[in-house]
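Chains as they are written, first to last, in my numbering: chain U, -7 to 321; chain R, -7 to 321.
2 protein chains.
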Amino acid sequence: MQRIATISDVAHLAGVSIATASKALNGKDQVRAETRQRVLEAAEQLSFRPNPAARSLLGGPTKTVGLLTSDSVGRFGIPVLLGAEDAFGAGEMAVLLCDARGDSIREQHYIRTLLARRVDGIIVVGESTDARPSITRDLGVPVVYAYGPSDDPDDVSFVPDDLEGSRTAIKHLVTLGRRRIAHVTGLATYQAARERAEGAAAALADAGLEPGPVFWGQWSQRWGRQAAAMVLHADPEVDAVFCGSDQIAAGFIEAARERGRRVPEDIAVVGYDNWEVLAAESRPPLTTIDPNLEVLGRTAAQHLFAAIDGRATPGVHRMPVQLVIRDST
Amino acid sequence: MQRIATISDVAHLAGVSIATASKALNGKDQVRAETRQRVLEAAEQLSFRPNPAARSLLGGPTKTVGLLTSDSVGRFGIPVLLGAEDAFGAGEMAVLLCDARGDSIREQHYIRTLLARRVDGIIVVGESTDARPSITRDLGVPVVYAYGPSDDPDDVSFVPDDLEGSRTAIKHLVTLGRRRIAHVTGLATYQAARERAEGAAAALADAGLEPGPVFWGQWSQRWGRQAAAMVLHADPEVDAVFCGSDQIAAGFIEAARERGRRVPEDIAVVGYDNWEVLAAESRPPLTTIDPNLEVLGRTAAQHLFAAIDGRATPGVHRMPVQLVIRDST
DNA sequence: TACATTTCCGAAAACCTTTTCAGTTTTTCG
DNA sequence: CGAAAAACTGAAAAGGTTTTCGGAAATGTA
């Protein structure tokens, strides 16, 4: 087992004092270029990494951030988390992972733990796009909310732009010449469902079409199948359906096919989420809206950096989403 | 924002020396009960949390572990990671998350970072059950491998027992009276595919049946559909198929149905992984093997605790898996 | 050469906690 | 009561890094 090199090992190898070594390594300008070079080489040779504990003892940054997920990291949390981890890794930050499992007691506990460890900032990853209680007040460290925004508009939040996403989906269908467009989505208790329906209605109005019916249900394949029956019965002439999730869309396609409708010839289907396993594997592969969650996570992380630097950017930021065109339209 | 209390604040408030306060707080037995009480109250009042940085500087445990994933995008890593996080959280451990994205340079970098931060131990979460190079040598901290074992048998590794899982699947089919059992699975370059095929063959032999054909392909739904055609063509009398993954099984079921075979009446199907979205939503819902990944992760974490305590348990430990019976058999 | 600047370097303090060791007080026992 | 043992307390050091400040060396000026 190799002993981990300390700065005094480096200083000794370079033949300078500890103080000089520190200054050389941190880019202070009181060191001759040639001396600095020697120190840097010594550090390289010993693969020296400053001990963050010692550093933070001085009151400096700990180069550590907390990643607090409110619910056991679901399907949506993961990419956000990865994007954030990616950005932090590049910034020499270490990420402390805390999964509160939807338990607010546990969340409080984790927040205290994170503060005791003197994290420089916290990212809160939500489980849905519904607003969640702010934890920012009096915390003493910057907080950025990703996916699920804070209920305090002065906090910094990043959410996917579902309004724009659903507009894009509808516009795509209209461009293809579809005129009778239904919308099948999840529970209206979800902000995501409400916003997607709202965006869809707005886009239909823009196109001079009357808003089609909205079918609210579960976020499941089963509901997609049920809804197919309802939609086709309610309006046999329907030529397109915009689904609030890929799961719903996958169920819808399946049931529509069984009823003899060809996709996309008779009825075009657009999903939401771009959940690869469903969207790419369904038959035909699904046109869908990709919420770019990894980019969202990365962006949130970068803004946490900024906030740590004192350049916070309050507000709920809507991140662009993307239309992924496959064979279902 | 209030200044964070230090132990000397506590000592001062309680009217004792710093040393006494420390001993009282850490349960050392050289403090009179009444003194201890006073200190504890003072700590409570100031909501004092010891600074882990200062603590770790002394060479004591940092109460921090590294969670190194080679590819956490993979859906297998996630539950393992959650289980581990769960166990650590309960043990007052903080988890440093590092995602090397399958890049060994990056992995080296992260390992150095973790060491510089003086983690007490590291869990390495693999992306597949194939053995991966050991990082344990000369590291100076205990390492436990979860899901993907180390290639060094002296390391501590935890993997799902695919051999037993596939035996269970076959036994289940045999119990149901099925006799002509095919096996459709992924690429033979995967240890998982090889072991599952091996276990299946062994179980068939145990039952006095001749091993059916094995179809190697991709881990995809598409391959499942293709394979259905091949299997049904090769042996029209086949009455069961054991698939190496739920994706394959889902594809198989779909294609079999299209060819007029009823599941499970004409042909029973068992999947592998218990990937909820596929297994529970397919029609009919899939009987499948659940590898219990979250338990595996938790167990690995607990054994890391043990290893940190000096009670390592070398070897590759095969963790039990579970048959989940649904409607496809 | 003598002096004033400028440049560079190193000693030491500070950060917070734990632990050791020596000193002080209390208790026990003959 | 006196001595020995036990119980308790506090000063100080250690751990790795950054920063401040004073001093030394090098350079420029008279």
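Just so you know, even glycine gets a beta-carbon here, dropped at the ideal spot from N, CA and C.
| So, helix, strand or coil for Asp154 (chain U), using DSSP? | Position 162 of the first sequence, counted from the start, is the residue given in the question as residue 154 (chain U). Of the three classes helix, strand and coil, the one that applies to Asp154 (chain U) here is helix, per DSSP.
| Are the Cβ atoms of Ser324 (chain U) and Arg124 (chain U) separated by less than 8 Å? | With chain U represented from -7 up to 321, any question about residue 324 (chain U) goes unanswered, as that position is not in the structure.
| query | If you count every other CB in all the chains shown that lies within 10 Å of the CB of Gln22 (chain U), and 16 or more means buried, which is it? | reply | Locating residue 22 (chain U) in the first sequence gives position 30, counting from the first residue. With fewer than 16 other Cβ atoms within 10 Å, it is exposed.
| field | the segment 116 to 123 of chain R / the segment 183 to 195 of chain R touching (three or more Cβ pairs under 8 Å) | value | yes
| task | From the DSSP output, in three-state form, read off Gly289 (chain U) for me. | result | Mapped onto the first sequence, residue 289 (chain U) falls at position 297. The answer is helix: DSSP assigns Gly289 (chain U) an H, G or I state.
| query | Are there 16 or more other CB atoms within 10 angstroms of the CB of Asp319 (chain R), so buried, or fewer, so exposed? | reply | Taking the second sequence and counting its residues from 1, one reaches residue 319 (chain R) at position 327. Per the 10 Å Cβ criterion, exposed.
| request: Using a Cβ-Cβ cut-off of 8 Å, state whether Gln213 (chain U) counts as contacting chain R. | output: Walking along the first sequence from the start, residue 213 (chain U) turns up at place 221. Yes, because at least one Cβ of chain R sits closer than 8 Å to the Cβ of Gln213 (chain U).
| message | Using a Cβ-Cβ cutoff of less than 8 Å, which residues in the same chain neighbour Pro44 (chain U) once the five nearest sequence positions on both sides are dropped? | response | For this step, residue 44 (chain U) is matched to residue 52 along the first sequence. For Pro44 (chain U), where only same-chain residues beyond five positions count, the Cβ hits under 8 Å are Thr54, Lys55, Thr56 and Ala86.
| query | Hey, does Ala46 (chain R) have any beta-carbon neighbour from chain U nearer than 8 Å? | reply | Counting from 1 along the second sequence, the entry for residue 46 (chain R) is found at position 54. It does: the Cβ of Ala46 (chain R) has a partner Cβ on chain U nearer than 8 Å.
| task | Closer than 7 Å by C-beta to Arg275 (chain U): which residues in its own chain qualify, once you throw out the five before and the five after it? Chain order, please. | result | As a first step, residue 275 (chain U) must be located in the first sequence, where it is residue number 283. Within the same chain, Arg275 (chain U) has no close Cβ partners at all.
| task | Report the partner residues of Gly58 (chain R) according to the DSSP bridge assignment. | result | In the second sequence, residue 58 (chain R) corresponds to position 66, counting from 1. R:Leu88 and R:Ile114.
| message | Whether or not the segment 251 to 263 of chain U and the segment 193 to 212 of chain U are in contact is what I'm after, with contact meaning three or more pairs of Cβ atoms, one per stretch, closer than 8 Å; do they touch? | response | No: the two stretches stay apart, fewer than three of their Cβ pairs being nearer than 8 Å.
| field | Within the segment 225 to 263 of chain U, ranges of the beta strand (DSSP E) (whole runs, at least 3 residues) | value | 232 to 235
| query | By the criterion of Cβ-Cβ separation under 8 Å, what are the contact partners of Asp91 (chain R) in chain U? | reply | The sequence position of residue 91 (chain R) within the second sequence is 99, counting from 1. The answer, in chain order, is Leu74, Glu77, Asp78 and Gly81.
| 6 Å CB neighbourhood of Val206 (chain R) in its chain, flanking five on each side removed | For the purposes of this step, residue 206 (chain R) is taken as the residue at position 214 of the second sequence. Excluding its 5 nearest sequence neighbours in each direction, Val206 (chain R) has C-beta neighbours in its own chain below 6 Å: His175 and Ala189, listed in chain order.
| field | C-alpha gap between Val2 (chain U) and Gly132 (chain R), whole angstroms | value | Mapped onto the first sequence, residue 2 (chain U) falls at position 10. Mapped onto the second sequence, residue 132 (chain R) falls at position 140. Roughly 21 Å between the two C-alpha positions.
| message | Checking 8 Å against the spacing of the C-beta atoms, do Gly113 (chain R) and Ile281 (chain R) come in under that value? | response | Taking the second sequence and counting its residues from 1, one reaches residue 113 (chain R) at position 121. Taking the second sequence and counting its residues from 1, one reaches residue 281 (chain R) at position 289. Contact: no.
| query | Along chain R, which residues have their Cβ under 7 Å away from the Cβ of Ala108 (chain U)? | reply | Here residue 108 (chain U) corresponds to residue number 116 of the first sequence, with the count starting at 1. Within 7 Å Cβ-Cβ: Arg41 and Pro44.
| said: Is it buried or exposed, Val8 (chain R), if we count other Cβ atoms within 10 angstroms and call 16 or more buried? | reply: On the second sequence, residue 8 (chain R) is found 16 positions in, with the first residue counted as 1. Result: buried.
| query | What is the rounded straight-line gap between the Cα of Glu229 (chain U) and the Cα of Ala241 (chain U)? | reply | Your numbering for residue 229 (chain U) matches position 237 in the first sequence. Your numbering for residue 241 (chain U) matches position 249 in the first sequence. Approximately 18 Å, taken between the alpha carbons.
| Between the C-alpha atoms of Ala180 (chain U) and Val117 (chain U), what's the straight-line distance to the nearest angstrom? | Against the first sequence, residue 180 (chain U) aligns to sequence position 188. Against the first sequence, residue 117 (chain U) aligns to sequence position 125. Note on geometry: alpha-carbon atoms of Ala180 (chain U) and Val117 (chain U) lie some 22 Å from one another.
| Between which two residues does the alpha helix (DSSP H) containing Ala3 (chain U) stretch? | Taking the first sequence and counting its residues from 1, one reaches residue 3 (chain U) at position 11. First-last of the alpha helix (DSSP H) with Ala3 (chain U): Ile(-1) to Ala6.
| Ile317 (chain U) in three-state terms, based on DSSP | Along the first sequence, read from residue 1 onward, the residue named residue 317 (chain U) stands at position 325. The answer is coil: DSSP assigns Ile317 (chain U) none of H, G, I, E or B.
| field | The alpha helix (DSSP H) enclosing Tyr102 (chain U), as first and last residue numbers | value | Against the first sequence, residue 102 (chain U) aligns to sequence position 110. Unbroken alpha helix (DSSP H) run through Tyr102 (chain U): Ser96 to Ala108.
| query | Can you find a CB in chain U that lies within less than 8 Å of the CB of Thr105 (chain R)? | reply | Your numbering for residue 105 (chain R) matches position 113 in the second sequence. It does: the Cβ of Thr105 (chain R) has a partner Cβ on chain U nearer than 8 Å.
| How about the segment 231 to 238 of chain U and the segment 294 to 310 of chain U: do they share at least three Cβ pairs that are nearer than 8 Å? | no
| Quick one: any contact between the segment 143 to 150 of chain R and the segment 159 to 173 of chain R, if contact means 3 or more CB pairs under 8 Å? | Because the criterion of three Cβ pairs below 8 Å is not met, the segment 143 to 150 of chain R and the segment 159 to 173 of chain R do not touch.
| Best match in U:Gly178, U:Ala199 and U:Leu5 for proximity to Gly169 (chain U) [C-alpha to C-alpha] | As a working mapping, residue 169 (chain U) is identified with position 177 in the first sequence. Distance from the Cα of Gly169 (chain U) is smallest, within the candidate group U:Gly178, U:Ala199 and U:Leu5, for U:Ala199.
| said: Any beta carbon from chain U within less than 8 Å of Val87 (chain R)'s own beta carbon? | reply: Taking the second sequence and counting its residues from 1, the one referred to as residue 87 (chain R) is at position 95. Taking a beta-carbon distance threshold of 8 Å, Val87 (chain R) counts as an interface residue toward chain U.
| field | Phe40 (chain R), DSSP secondary structure in three states | value | Reading the second sequence from its first residue, position 48 is the one you call residue 40 (chain R). Correct three-state label for Phe40 (chain R): coil.
| query | Along chain U, which residues have their Cβ under 8 Å away from the Cβ of Gly127 (chain R)? | reply | Here residue 127 (chain R) corresponds to residue number 135 of the second sequence, with the count starting at 1. Checking the displayed sequence, the identity of residue 127 (chain R) turns out to be Ile instead of Gly. Contacts between Ile127 (chain R) and chain U, judged by CB atoms closer than 8 Å, are missing: the closest CB pair is about 13 Å apart.
| query | Does DSSP classify Gly51 (chain U) as helix, strand or coil? | reply | The residue given as residue 51 (chain U) occupies position 59 in the first sequence. Coil at Gly51 (chain U), not helix or strand.
| message | What are the residues in the segment 144 to 166 of chain R lying within 9 Å of chain U by C-beta distance? | response | none
| Taking the Cβ atom as the reference point for each residue, do Ala76 (chain U) and Ala304 (chain U) lie within a distance shorter than 8 Å? | Taking the first sequence and counting its residues from 1, one reaches residue 76 (chain U) at position 84. Taking the first sequence and counting its residues from 1, one reaches residue 304 (chain U) at position 312. No, the Cβ-Cβ distance between Ala76 (chain U) and Ala304 (chain U) is not below 8 Å.
| said: Within 8 Å, do at least three Cβ pairs link the segment 11 to 29 of chain U to the segment 24 to 31 of chain R? | reply: No: fewer than three Cβ pairs fall under 8 Å.
| message | In whole angstroms, give me the CA-to-CA distance for Val111 (chain U) and Pro312 (chain R). | response | Along the first sequence, one-based indexing puts residue 111 (chain U) at 119. Along the second sequence, one-based indexing puts residue 312 (chain R) at 320. Straight-line Cα distance between these residues: approximately 38 Å.
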